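Asks: Next up is a structure, given as C-alpha cells.
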Amino acid sequence: GAVVSQHPSWVICKSGTSVKIECRSLDFQATTMFWYRQFPKQSLMLMATSNEGSKATYEQGVEKDKFLINHASLTLSTLTVTSAHPEDSSFYICSAIGTKSSYEQYFGPGTRLTVT
Amino acid sequence: AQSVSQHNHHVILSEAASLELGCNYSYGGTVNLFWYVQYPGQHLQLLLKYFSGDPLVKGIKGFEAEFIKSKFSFNLRKPSVQWSDTAEYFCAANSNYQLIWGAGTKLIIKP
Chain A
1 GAVVSQHPSW
11 VICKSGTSVK
21 IECRSLDFQA
31 TTMFWYRQFP
41 KQSLMLMATS
51 NEGSKATYEQ
61 GVEKDKFLIN
71 HASLTLSTLT
81 VTSAHPEDSS
91 FYICSAIGTK
101 SSYEQYFGPG
111 TRLTVT
Chain B
1 AQSVSQHNHH
11 VILSEAASLE
21 LGCNYSYGGT
31 VNLFWYVQYP
41 GQHLQLLLKY
51 FSGDPLVKGI
61 KGFEAEFIKS
71 KFSFNLRKPS
81 VQWSDTAEYF
91 CAANSNYQLI
101 WGAGTKLIIK
111 P
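If you're matching them up, the sequences are chains A and B in order.
Quick note on this note's numbering: the first sequence kicks off at 1 and runs consecutively.
Quick note on this note's numbering: the second sequence kicks off at 1 and runs consecutively.
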C-alpha cells in the first residue's frame, strides 16, 4: 500500500514552454502533498506543500508564479513549470501524506525535466 | 533552528565490511527520525523509522538504526554490506509533517 506515482517520468521541453507534472496517490487519500527538487549530488530541496482544496505554501526563494501547484483532489497534485528555462532542468519529486499517519511521507519515483 | 547533519558525504567499503553512517539532529521537543535510501536511477525508499519506543529500530534489507537521545544521534548500521547496497542514504527528521533532510551519504561498495 501507499503507492505514489508521477507522470511523466522524464520530459524534454524547449525554453519558454510550460510543462505539467502529475503526482497521484494510487491507493490512499493524500491530505498533503509535497514537491521537492533534487539537484545532482545534493539532497532534496522542499519547494512547496499543498493541501487538497487550498493554496500551496511555497518555501522561501521558490517563485510561486513560475511553479504552479494545484491540489484539486485527494489523489492528485500537479506542478506546472511555466516559461521553462534551462536552469529549471532538474529532478522533481513529489511525496504524499495519508490519513493514517501525518509523519510518514510516501515518495513518487520522480520526474526528470530537461529544458533545452 | 531545526537541522539534520550527516557527516560523511562519501563512504567506500568492501563487501562484507560493517557499515555505520552518522546522523545527528538538532530539534526541540519530540522528534521522528527516518532513513531513506535512493538506489541509482530509482526513487526514494524508506529504510526504517523511529517514532517512539525501542530505540533500536530494525528496517528492511538488514539495516538497523539506534536512537540515542543524549547524543542527538540516529546512526544507521549494517553488519555486513553487499555490492547491492551501493546507493545514497538520507537521514531525515520531523516533529510535524514537514521533513528536514540531511545532505545525504553516497555509499559505494567495492565487489
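The beta-carbon is built from N, C-alpha and C at its ideal position, and this holds for glycine as well.
Fair warning: this is a prediction, and the values are worked out from it, not measured in the lab.
(1) B:Trp83 and B:Glu15: beta carbons closer than 8 angstroms?
(2) Are the region 76-88 of chain A and the region 14-30 of chain A touching by the rule of at least three beta carbon pairs closer than 8 angstroms?
(3) Measuring CB to CB, does A:Ala96 end up less than 8 angstroms from A:Met45?
(4) Just to make sure I have the definition right: I need the residues of chain A whose C-beta is within less than 9 angstroms of the C-beta of B:His7. Which are they?
(5) Relative to the C-alpha of A:Leu68, which residue among A:Leu74, A:Gly61, A:Thr75 and A:Lys55 is closest?
(6) Would a C-beta distance cut-off of 8 angstroms place A:Phe107 and B:Leu44 closer than the cut-off?
(7) In chain A, which residues lie less than 7 angstroms from B:Tyr27 when you measure between Cβ atoms?
(8) Pop quiz: B:Ile60 and B:Leu47 are said to be a contact at Cβ under 8 angstroms. What is the actual Cβ separation, rounded to whole angstroms?
(9) Does DSSP classify B:Gly53 as helix, strand or coil?
Replies: Let me lay it out:
(1) On the second sequence, residue 83 of chain B is found 83 positions in, with the first residue counted as 1. On the second sequence, residue 15 of chain B is found 15 positions in, with the first residue counted as 1. Their beta carbons are under 8 angstroms apart, which means B:Trp83 touches B:Glu15 by this criterion.
(2) yes
(3) Numbered from 1 along the first sequence, position 96 holds the residue referred to as residue 96 of chain A. Numbered from 1 along the first sequence, position 45 holds the residue referred to as residue 45 of chain A. No; because the gap between Cβ atoms is not below 8 angstroms, this pair is not in contact.
(4) Numbered from 1 along the second sequence, position 7 holds the residue referred to as residue 7 of chain B. None at all; the shortest Cβ gap to chain A is about 14 angstroms.
(5) Position 68 of the first sequence, counting from 1, holds the residue named residue 68 of chain A. Measuring from the Cα of A:Leu68, the nearest candidate turns out to be A:Lys55.
(6) Here residue 107 of chain A refers to the residue found at position 107 of the first sequence. Here residue 44 of chain B refers to the residue found at position 44 of the second sequence. Cβ distance < 8 angstroms, so A:Phe107 and B:Leu44 count as in contact.
(7) The residue given as residue 27 of chain B occupies position 27 in the second sequence. Simply none; closest approach about 13 angstroms.
(8) As a working mapping, residue 60 of chain B is identified with position 60 in the second sequence. As a working mapping, residue 47 of chain B is identified with position 47 in the second sequence. Sure, about 6 angstroms apart at Cβ, within 8 angstroms.
(9) As a working note, residue 53 of chain B is residue 53 in the second sequence. B:Gly53: coil per DSSP, three-state reduction.
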